[in-house]
Amino acid sequence: MRFRILGTTEVAGEPVPGRGLQMLLSELLMAGGAAVPEQRLRHDGATANALQSQISRLRKLVPVERTPAGYRLPADPEEVDAHLFTRLAAEGERALRAGRPADAAGLLREALDLWRGEAALDGLNEARQRAMEHRVEADLRLGAPVVEELRELVREHPLRERPRVLLIRALARDGREAEALSAFEEGRRLLGERLGADPSAELQRLHVQILRGEHGRRPSLRAPLTSFVGRDAELATLGDLLARRRLVTLTGPGGAGKTRLAVEAARRLEAGGGRSGGRVVLVELAPATEVAPAVLAAAGGGSDPVDALAGESGVLLLDNCEHVLAEAAGLVARLLDGCPDLRVLATSREPLGLDGESVLPVQPLPARVAESLLVDRARAVRPDFEPSEAVARICRSLDGLPLAIELAAARLRALSAEDLADRLDLDLLASRTAPPRHRTLRAVVSWSWELLCPRERRLAARLSIFPSGATLAAAEQVCGATPGLLAALVDKSLVQADGGRYRMLETVRAFCAEQLGDDPVRQAHAEFFARLTEEAEPYLRNHRQLAALAELAAEHDNLNAALHWAIGAGHAGIALRMTGSLWFYWWLRGLRHHGARLSLRALDLPGADQCGEHYVMSVLQVVSAGPPEPVIRPLMEVAERLAAGLDHPLVRMVHPMTAIIDGDYAALIPALLRSSTEPQPWLRGFAELMLGLLRSGGGELARADRHLDSALTAFRLAGDRWGAAQAMLQQALIAGLRGDHRTELAITDQALALTAPFGATEDTSGALSSRGLALARCGDLDGARRDLLQAAEVARTRETEEMLAIALFGLGEVARLGGEPEQALELYGQALAGCETLWVGAEEVRARILIGLGQVTGDAGLHREAFAVLMRTLDLPAAAEAVEGLAALEPAGERAALLQGAAAALRGVPGTRTDDAYVRGAAMSRAQIVRLVSAPRAGCASAAAHR
């Protein structure tokens, strides 16, 4: 601290002489850099001249400034001990009010430790006194011995009320009622003699409580059977509300933990006593049909609850008000009016609806807290319980509801966590010791269901059809909802309103779904989402791409549910409208294989081939995921027949796709060239992208550049970020083929940034693998490994075999270049295993792995095998790598130079060498290169040996 004014007054460790100078410095420092008027700085009747003299002396120590508003001292509050004290004391007081005495005691001790005597300013000394009283109160709540300390405080400040209140409470707590009453009488006498005043209302209530034997008795709340886990933030909020408001209602679904939270907060208040505490009267209303008799029984008898509680200064805890809501609300209104010192804490599945009511919704537990609770309770029945992945699954399935988790933990005595996670239902979870309404999860939800009117029940059952919640429009159109009915279900905690959506907890949804019966809402739900996907589909390929993607992503579970129902019910029209419209959504989200599986099921429905455009687009979705040719060919034949006369841009891609499947590249190029002149920019961009891929694969890099530039321009014009990124990634690949790895990395980064809003998809994995391989070629093996490991993780998460194989191949390359041949062989083997399943591009990836194996093992046969595959699939730049691998195995001489020149020819990048053999190799035709590579040489192993 640069400035100390709490006791001795110092600047940078040097004492400030004179009380006047000390007071002046303290005033300026406490202003926190603001100007202080001259009048406030004239202590003890000092004149203007005297103040000027003091300012002059103080300026020798600190830079005091004169402003039109007065004098100021520009000092950082963090350098002033008094500001630190004020902050710590305020935090301690807030913790005390929030029912956290241990935290409060620590903060207040830290604040008080800053003092070294009496301060020059009276205001600071008063703040110190308050902090001391709060610290002693915190210790009192914690059960610490504080009587002697409080006696000393009372002796020092006999007319100060707070120390006397605390002393009387401490004596009563220790069973010393006679001394407590004597302390009260002494205080009453001193107040009368010296001030002519009576004790405060708080002191008088405390006196009456001790006379009645109420203060200091055991708490009225039963001790809990289990520990309290989590909810620290809610406890603090609730404690603060109860300190400021007279009516607080905890709302939330059944099993959310409202009762336990309320009791825990009340227990802390009861332990505190005084202004922030007092007696807690707990009224359990769940079994009651009348509220007033239940309150009277808990309060100790009488004929009228208002009279019975008139002298109370504590808290009335009304638990489970929802089934007697109107009566509870009426009585609470009377109590708050007739008992001015009483506070009411209620729990209910809907608010009481009274003026001045503070409503605190109790949400399910966050994932980590829910898992901690389950583990804690599981170890109570199985001390050797060890958490596993199943714990998270159980908590997710139970929506983080504390009651459901408690019930689940009891089952772990007989079941493993994995078995329980697989068998969770509304009836499995039960408890003998819980109240009837909480004995099973079904009973919890049924209790809420019985409180609904028929119209509310019908809407709740229909809303269960939405697994990811419903927008207001969806609820209105599908379920016939009205805003009023939805609000009623929200108030009753059956539905949660969340960012414009109405959601149900899974446990509630499962119960309500059982009540649905034969309601036609399922078909209405499917038709609604079929319309939604059709309306959103065009926007997935233009400037509204991100908004359309976000809209569909928010409905992902609803889309799945609608589509599964349509397929299961045999509604080919609805199913294919959805699969056809969702093609590009699935592609952008990295769900192409998931989409292909659903599309195949929809295409197999009776009447599917009558669905025209939607059939064709669904076939294209299947083809894009690359299933085996026997699956694709019959579908493409029907799609070709139906495509004639259809105008959708994606339908136009049927003929090029057919040429790709047939391997008919002579027909493919003209088909794509025709599509590249279409008026729709997206279709032009896609055709140009395909042409760029074909040209670069054929070693025609200059022509590929032109096509890719055109593709990028068209996709940008259309507004498709995905298409633009694909064109850029191919441009990056070409830059790498030319040896310009810096440009390759820069373009790859731009492409990744463009698609970042889509999330981590299989395309992300592919781009990360590309960047990793580029970094490896630049010599940055650490950076390469980092990218490739991330690519592998994304691929595993997405369960994408092809992208995982590519990432593993890349990691094998990093190991090989880093001088770790054994590690490289292991990674290449894992990558090869991923190529055994047929998928688009599997042959090419397998061939590149063979090249890596050949480089590690020196096996020319592996290079030749890879070369043959890559020439057949027209990936000439990759075939060039196989040829370079063969050249590396040759001794320096003519054949090695010929192979190196041939590799340059295949890659389409002219070399700089001028030696004769190299130049002859670079001038070879493809047929000549094939003959050169096929010339026999020792060593020809099978790739299977390296798996």
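Numbering-wise, full-length UniProt numbering puts 561 at position 561 of the sequence shown, and it's gapless, one number per residue.
Note that CB positions come from ideal geometry on N, CA and C, so glycine has one too.
{"Check": "Between the alpha carbons of R721 and A95, how many angstroms are there, rounded?", "Outcome": "51 Å"}
{"Check": "With 16 other CB atoms within 10 Å as the buried threshold, where does V933 fall?", "Outcome": "buried"}
{"Check": "Within its chain, find whatever has a CB closer than 7 Å to the CB of R413; leave out the 5 residues flanking it on each side and keep chain order.", "Outcome": "V381 and R382"}
{"Check": "From the DSSP output, read off the bridge partner residues of V11.", "Outcome": "F3 and E14"}
{"Check": "DSSP on S925, reduced to helix/strand/coil?", "Outcome": "coil"}
{"Check": "When we look at the beta-carbon of L899 and count the other beta-carbons within 10 Å, is it buried (16 or more) or exposed?", "Outcome": "buried"}
{"Check": "How about G255 and L403: do their beta carbons lie closer than 7 Å?", "Outcome": "yes"}
{"Check": "Kindly indicate which residue of G568, P606 and Q621 has the alpha-carbon position closest to the one of R592.", "Outcome": "Q621"}
{"Check": "Name the DSSP beta bridge partners of P361, please?", "Outcome": "T251"}
{"Check": "Give the secondary structure of A497 by DSSP, where H, G and I count as helix, E and B as strand, and everything else as coil.", "Outcome": "strand"}
{"Check": "Report buried or exposed for P607, applying the criterion of at least 16 other Cβ atoms within 10 angstroms of its Cβ.", "Outcome": "Note that residue 607 corresponds to Gly in the displayed sequence, not to Pro. Exposed, because fewer than 16 other Cβ atoms sit within 10 Å of the Cβ of G607."}
{"Check": "Which residue from R931, E836 and D916 puts its Cα closest to that of M871?", "Outcome": "R931"}
{"Check": "Taking only three categories from DSSP, how would you classify T658?", "Outcome": "helix"}
{"Check": "Going by other Cβ atoms of all chains shown within 10 Å of its Cβ, with 16 needed for buried, is V16 buried or exposed?", "Outcome": "buried"}
{"Check": "Distance cutoff 7 Å, beta carbons only. Does S696 sit that close to anything in chain B?", "Outcome": "The chain labelled as chain B is not found in the depicted structure, where only one protein chain is given."}
{"Check": "Grab the span of the beta strand (DSSP E) containing A346 for me, first residue to last.", "Outcome": "R343 to S348"}
{"Check": "Assign G187 to one of three DSSP states: helix, strand, or coil.", "Outcome": "helix"}
{"Check": "What's the gap between the Cα of L832 and the Cα of I661?", "Outcome": "23 Å"}
{"Check": "Would you identify the three-state DSSP class for R218, choosing helix, strand or coil?", "Outcome": "With a pLDDT of only 43 at R218, under the threshold of 50, the placement of this residue in the model should not be trusted; the figure read from the coordinates follows. In the structure shown, R218 sits in coil (DSSP, three-state: anything other than H, G, I, E or B)."}
{"Check": "Is it the case that the region 531-545 contacts the region 445-462, given that we only count it when at least three CB pairs across the two stretches are under 8 Å?", "Outcome": "no"}
{"Check": "List, from N- to C-terminal side, the alpha helix (DSSP H) runs of 4 residues or more that fit wholly inside the region 26-69.", "Outcome": "38-41 and 48-59"}
{"Check": "Return the residue from the list K258, E389, V280 and V369 that minimises the CA-CA distance to P361.", "Outcome": "K258"}
{"Check": "Helix, strand or coil for T471? Go by DSSP, reduced to three states.", "Outcome": "strand"}
{"Check": "Just curious, the beta strand (DSSP E) that L318 is in, first and last residue?", "Outcome": "V315 to D319"}
{"Check": "Less than 7 Å separating the beta-carbons of D787 and G766?", "Outcome": "no"}
{"Check": "May I ask you to list the residues that DSSP assigns as paired with E284?", "Outcome": "D319"}
{"Check": "Spell out a yes or no on whether the region 199-211 and the region 344-352 are touching, meaning 3 or more CB-CB pairs, one atom from each, closer than 8 Å.", "Outcome": "no"}
{"Check": "Could you check the C-alpha separation between V295 and G239 for me, to the nearest Å?", "Outcome": "23 Å"}
{"Check": "Taking the alpha helix (DSSP H) that C611 falls in, what are its first and last residues?", "Outcome": "Run containing C611: none; DSSP gives neither H nor E here."}
{"Check": "Can you grab the Cα-Cα spacing for the pair A120 / R501, in whole Å?", "Outcome": "59 Å"}
{"Check": "Between T748 and A784, which are expected to be in contact by the criterion C-beta below 8 Å, what is the C-beta distance as a whole number of angstroms?", "Outcome": "With a Cβ gap of about 12 Å, T748 and A784 do not count as contacting."}
{"Check": "Using a Cβ-Cβ cut-off of 6 Å (strictly less than) and excluding sequence neighbours within five positions of P77, which residues of its own chain qualify?", "Outcome": "G32 and H83"}
{"Check": "Check V146 in the structure and name its three-state DSSP category.", "Outcome": "coil"}
{"Check": "Got a sec? Which residues, its chain only, sit under 8 Å from E371 by beta carbon, not counting five neighbours each side?", "Outcome": "P387, V391, A392 and C395"}
{"Check": "What distance in whole Å lies between the Cβ atoms of F809 and V856, which are believed to be in contact at a cut-off of 8 Å?", "Outcome": "So it is not a contact: roughly 12 Å between Cβ atoms."}
{"Check": "Let me know the secondary structure DSSP gives V229 once reduced to three states.", "Outcome": "coil"}
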